[in-house]
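Q: Position in the sequence shown counted from 1, then plus 6, gives you this note's numbering.
Where a beta carbon is used, it is the ideal one built from N, C-alpha and C, also for glycine.
First, the structure itself, so that you have it in front of you.
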Amino acid sequence: MSGAALRVRHFAANDSVFINDDYLIKGVAGAIFWKLLRDHQQTGRVDFTNRELRLDAALRLPEVADNLEARLLLLQRRLQENSPHLRIEKTGRGRFRLCLLRPVVLEDA
7 MSGAALRVRH FAANDSVFIN DDYLIKGVAG AIFWKLLRDH QQTGRVDFTN RELRLDAALR
67 LPEVADNLEA RLLLLQRRLQ ENSPHLRIEK TGRGRFRLCL LRPVVLEDA
């Protein structure tokens, strides 16, 4: 990781996420992204599973038809379009990796 740090802000009221001052995503997909970034900051983890996200009650996924894969795909596309230094890559069935090409500073707003 090199280059200037990216400031990622999270607004808990609607789980919206901004990178620097640019809106990225909100709702469940925003909550997922914030969880991944926090876990990475606290433990250094980069590899995650769909199963662990489904079991995390804090994400408030619906019990039926959670559309987790669709939410992850949307998040992946938004990152590609808006922040080339942050990525989510599929690494296998039900597995993915958080790739940070620049340092990240997290801010709860």
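1) For residue 85 and residue 16, I'd like the C-alpha separation in whole angstroms.
2) Using a 10 Å radius around the Cβ and a threshold of 16 neighbouring Cβ atoms, would you call residue 19 buried or exposed?
3) Among 42, 29, 91, which one has its Cα closest to the Cα of residue 101?
4) Along the chain, where does the alpha helix (DSSP H) containing residue 41 start, and where does it finish?
5) Which one of 114, 49, 107 has the shortest CA to CA distance from residue 12?
6) Please name the residue in 50, 45, 49 whose C-alpha comes closest to that of residue 59.
7) Where does residue 77 sit, in a helix, a strand or coil, going by DSSP?
8) Looking only at its chain, what residues have a beta carbon closer than 6 Å to the beta carbon of residue 10, apart from the 5 residues adjacent to it on each side?
A: Put simply:
1) Residue mapping note: residue 85 aligns to position 79 of the sequence shown, counting from 1. Residue mapping note: residue 16 aligns to position 10 of the sequence shown, counting from 1. Spanning the two alpha carbons is a distance of roughly 15 Å.
2) One-based indexing of the sequence shown puts residue 19 at position 13. Under this definition residue 19 is an exposed residue.
3) Position 95 of the sequence shown holds residue 101. Closest option to residue 101, Cα to Cα, is 42.
4) Working through the sequence shown from its first residue, we reach residue 41 at position 35. Run containing residue 41: 33-49, per the alpha helix (DSSP H) assignment.
5) In the sequence shown, the residue the question calls residue 12 occupies position 6. That would be 107, whose Cα lies nearest to the Cα of residue 12.
6) Sequence index remark: in the sequence shown, residue 59 carries index 53 (1-based). Of 50, 45, 49, the residue nearest in Cα terms is 45.
7) Translated into the one-based positions of the sequence shown, residue 77 becomes position 71. The answer is helix: DSSP assigns residue 77 an H, G or I state.
8) Translated into positions along the sequence shown, residue 10 becomes position 4. Nothing listed; no residue qualifies.
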